[in-house]
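Structure, as structure tokens:
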Amino acid sequence: MKLIINIKPFSFQLTRKLITSQGSIHNKVGLLLQIKDSDGNCGWGEVSPLAKKELQKSIESLDFIGRKTTKDSIEDYLCELPGALAFGLGACLADLENLSKSKLDFEGFDIAKSAYLLPTDIDPLESIIKYVDGSNDKKSSCTIKWKVSHQENNFKEEKTLQKILDILPNNFKLRIDPNGGWSRQKAQEWINELKNEPRLEWIEQPLPSKDIEGLFSLANHIPIALDESLVEFPYLRKTWKSWQIRRPALDGDPRLLLKEIEQEGSQTVISTAFETGIGRRWINHLAAKQVKGGNPCAPGLAPGWCPKGPLFNKNPKLVWEAV
Ligand SMILES: [Mg+2]
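Following this line, the structure appears as structure tokens:
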């Protein structure tokens with residue numbers, strides 16, 4: 037089947053700056069993809085990496101593929117492409133397949149059921165108190181995610197941890213995410229504080245992504261979720277037998293991730309890389325599938341971090357026209 041790839045760059049600003057141990061992000065940039073077949077049918081996708089380098093690589097790969105191509109040719113390239121581009125192209129092909137093969141009904145997902153991502157530019161305590169107070173009326177999730185060890189931090193996180201544990205209700209869960217920013221020693225100190233803490237759901241990527249031996253060793257003592265390691269070393273998606281944070285927008289062909297989630301025993305947790313409405317269709321669908329799996333837990337969709345507006349519409353055609 038002959039196809040034409042159309043591309044539009046997009047950008048938007050997060051409602052607040054996200055600061056992690058690896059740097060900060062405020063402006064999100066990426067590409068919207070529209071693939072048209074010879075009958076005029078459209079597929080929609082988004083290239084939405086967090087790293088600028090990945091965007092650059094994706095643009096180079098798109099230039100290599102060319103604007104006029106075929107379905108078979110894209111399918112052949114997919115597994116070799118940057119994950120963010122494979123996500124976008126895979127999503128486009130899924131739309132075109134929907135016209136002929138079994139129909140994929142995109143499920144919505146109530147973002148209030150996502151884990152609550154604490155602001156990273158202020159002391160988190162006040163936000164926790166506000167969220168806990170509001171969560172009963174709003175029926176939002178009882179899971180809080182705290183990104184620690186970030187570069188612009190000017191308060192002592194260990195002390196804050198004690199205060200958080202003092203105020204967190206028993207039915208709440210806490211995820212701690214240093215984004216690979218801890219040394220083994222630092223990780224051990226935190227584990228000593230947390231090892232008997234029933235409200236700790238997991239620590240996410242405590243050690244640098246390359247310290248795989250250290251991560252396996254920590255997992256013997258406390259629940260560990262991998263995130264960045266899975267992006268850098270995709271083979272770990274098969275061998276890591278605990279929680280896996282998967283950001284579909286970085287992960288590659290979303291049709292493969294969907295199959296993985298539907299496998300028995302999957303401990304996949306869908307997480308956002310801050311997408312437009314086009315990418316969100318898949319993120320929501322995968323999140324909806326994930327919570328219906330054997331190990332349900334709150335997806336990480338960062339409620340409130342993306343602005344509102346036509347770029348976040350559920351209808352891909354309207355998102356395309358809004359850019
Ligand atoms: Mg993470």
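Going by my numbering, the sequence shown opens with residue 37, and the numbers climb by one from there. Glycine residues also receive a C-beta, built at the ideal position from the N, C-alpha and C atoms. Since we're looking at a predicted model, the values are computed, not measured.
Buried versus exposed, by CB contacts within 10 Å (16 or more), residue i
i    : result
W320 : For the record, residue 320 in the displayed sequence is Asn; it is not Trp. Per the 10 Å Cβ criterion, buried.
F100 : exposed
I40  : exposed
Y271 : exposed
R52  : exposed
S109 : exposed
P346 : exposed
C342 : buried
P242 : buried
Q70  : buried
D263 : buried
G59  : exposed
D169 : exposed
I34  : Coverage of the chain is limited to positions 37 through 359, which leaves residue 34 absent and any answer about it impossible.
D400 : There is no way to answer for residue 400, as the model of the chain reaches only from 37 to 359.
L125 : buried
T312 : buried
K350 : exposed
N63  : exposed
R103 : exposed
S245 : buried
E82  : buried
N215 : buried
Residue i - containing alpha helix (DSSP H), residue span
i    : result
G81  : G81 -> not in any alpha helix (DSSP H); beta strand (DSSP E) instead, spanning C78 to V83.
R283 : Unbroken run through R283: none, as it is neither H nor E.
N63  : Not the alpha helix (DSSP H): N63 falls in the beta strand (DSSP E), residues G59 to D73.
K166 : P160 to K174
S196 : One detail in the question is off: residue 196 reads as Thr in this sequence, not Ser. That run of the alpha helix (DSSP H) goes E193 to I203.
Neighbour flag for residue i against chain D, beta carbons, 7 Å
i    : result
E296 : Among the protein chains of the structure shown there is no chain D, as only one such chain exists.
Residue i - containing beta strand (DSSP E), residue span
i    : result
P45  : K38 to T56
D213 : K209 to D213
W356 : Looking at the DSSP string, W356 is not in any beta strand (DSSP E); the run it does join, the alpha helix (DSSP H), is P352 to A358.
K181 : T179 to K183
Cβ distance (whole Å) where residue i is taken to contact residue j below 8 Å
i    : j    : result
V184 : D213 : 7 Å
D159 : T105 : Rounded, the Cβ-Cβ distance is 51 Å, inconsistent with contact.
S177 : K149 : 5 Å
F123 : P290 : 6 Å
S84  : L121 : In fact, because the Cβ distance is near 10 Å, the residues do not count as touching under 8 Å.
T179 : A338 : Not really, about 12 Å apart at Cβ, beyond 8 Å.
L86  : A323 : Not really, about 18 Å apart at Cβ, beyond 8 Å.
N331 : S307 : Rounded, the Cβ-Cβ distance is 15 Å, inconsistent with contact.
L154 : G336 : So it is not a contact: roughly 12 Å between Cβ atoms.
K325 : I297 : 5 Å
I239 : S265 : 13 Å between Cβ atoms; not a contact.
I164 : L204 : 7 Å
L254 : L236 : So it is not a contact: roughly 13 Å between Cβ atoms.
G23  : L129 : Because the chain in this structure spans residues 37 to 359, residue 23 falls outside the shown range and cannot be described.
Residue i beta carbon near ligand 2 (any heavy atom closer than 6 Å)
i   : result
L54 : With respect to ligand 2, the structure shown offers nothing to examine, as its ligands consist of ligand 1.
Practice problem: Pick out the complete beta strand (DSSP E) segments inside the region 91-133, 3 residues or longer, and give them in chain order. | Solution: 104-106
Quiz item: In chain order, what residues place their C-beta within less than 5 Å of a heavy atom belonging to ligand 1?
Solution: D213, E240 and D263
Quiz prompt | Any alpha helix (DSSP H) of 4 or more consecutive residues that is wholly inside the region 231-315 | solution = 248-254, 264-268, 272-275, 284-287 and 290-297
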